[in-house]
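To start, the structure itself, in structure tokens.
2 protein chains.
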Amino acid sequence: MRTDNSPQAVLLAAHGSRVTESNEEIEALAGRLAAALGPGWLVSHAFLELARPSIPDAIDVLVHDGARHVVLVPYFLSAGRHVSTDIPAIVAAARKRHPGVEIETTGHFGAQETLPKLLAAMVSTPATG
Amino acid sequence: MRTDNSPQAVLLAAHGSRVTESNEEIEALAGRLAAALGPGWLVSHAFLELARPSIPDAIDVLVHDGARHVVLVPYFLSAGRHVSTDIPAIVAAARKRHPGVEIETTGHFGAQETLPKLLAAMVSTPATG
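Next comes the structure, spelled out in structure tokens:
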């Protein structure tokens, strides 16, 4: 999909929380995602509301840092209004601000086909008795 | 871990939403989890708030249906108050109601070690251009 040597970027977009630790979990997860993707990727995180950075701000930073292809991952369990309306509107506005940049969105996290298998694995290792 | 022939039960415990479709996503996911676990498991779903069935009601139904070992899976992305306080209190109360039943809790969904790998796989298959 890439036709040049500019870095590919990933933006992990979460809801955001009033609880600092929850937001820090997202930041840490973005770091672990960067490790999973390996070198050559710019990985960032952002929040739809209640926390910073915002999704538009994070996209602008990635583009400023040289990204010409951004993949936004909506880190939401269900396809509510945030996934169906709010994030697409933010992406549409970002595309207008950055006409030379390809901005894509994955399906939301909760729709991934592999989740039942992952949940089944969790059941076999309960944490507390 | 089982010492008898009673069915093992799994309860997928989600937050709950005012949006019906979001709650239906949870019900469907519980069905796919049941398929992933295979025969011999009772699989149910419940909501912490905003939707039915409640977590206590769902536990009571599983026990009524013969479960003597229930594994609750907190389907939450971050370890906020719901995960750290609300669900443990519900589980403690359920254990008092059902002293002959083993009720366990897995870690919350967002803490699973495999999530970064799953997110990395999502990045390689964006849904929209």
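If you read the protein sequences in the order shown, they are chains Z and E.
The first sequence begins at 84 in my numbering and counts up one residue at a time.
The second sequence begins at 84 in my numbering and counts up one residue at a time.
Even glycine gets a Cβ: it sits at the ideal position worked out from N, Cα and C.
Owing to the predicted nature of the structure, the values given are computational and were not obtained by experimental measurement.
Here's the rule I'm using: 16 or more other beta-carbon atoms within 10 Å means buried, otherwise exposed. How should S105/E be labelled?
buried
Is it the case that the Cβ atoms of L94/E and L155/E are separated by a distance below 8 angstroms?
Going by C-beta atoms, L94/E is nearer than 8 angstroms to L155/E.
Please confirm whether K200/Z has its beta-carbon closer than 8 angstroms to some beta-carbon of chain E.
yes
Tell me the DSSP secondary structure of A203/Z in three-state form.
Annotated three-state conformation of A203/Z is helix, per DSSP.
List the residues of chain Z whose Cβ lies closer than 7 angstroms to the Cβ of L116/E, in chain order.
P199, L202, A203
List the residues of chain E that T168/Z touches, going by C-beta distances under 8 angstroms, in chain order.
Those do not exist, as T168/Z stays about 12 angstroms from chain E at its closest Cβ, beyond 8 angstroms.
Below 8 angstroms, can you find three or more Cβ-Cβ pairs linking the segment 174-190 of chain Z to the segment 141-157 of chain Z?
Yes, the segment 174-190 of chain Z is in contact with the segment 141-157 of chain Z.
Is the Cβ-Cβ distance between G225/E and L131/E less than 8 angstroms?
Residue 225/E falls outside the range modelled here, since chain E spans only 84 to 212, and no answer is possible.
Between the segment 139-164 of chain E and chain Z, which residues of the former have CB atoms less than 9 angstroms from a CB of the latter, in chain order?
V154, L155, V156, Y158, F159, L160, S161, A162, G163, R164
Looking at the structure shown, is P214/E part of a helix, part of a strand, or coil, going by DSSP?
Given that chain E is displayed from residue 84 to residue 212, the structure contains no residue 214/E and the question cannot be resolved.
Is the distance from the Cβ of L120/E to the Cβ of A92/E below 8 angstroms?
no
Can you name the residues of chain Z whose CB is closer than 8 angstroms to the CB of G193/E?
Neighbours of G193/E on chain Z, chain order: E108, L112.
What would DSSP say about L198/Z, mapped onto helix, strand or coil?
helix
In the structure shown, what three-state DSSP assignment does S89/E receive?
Three-state result, S89/E: coil.
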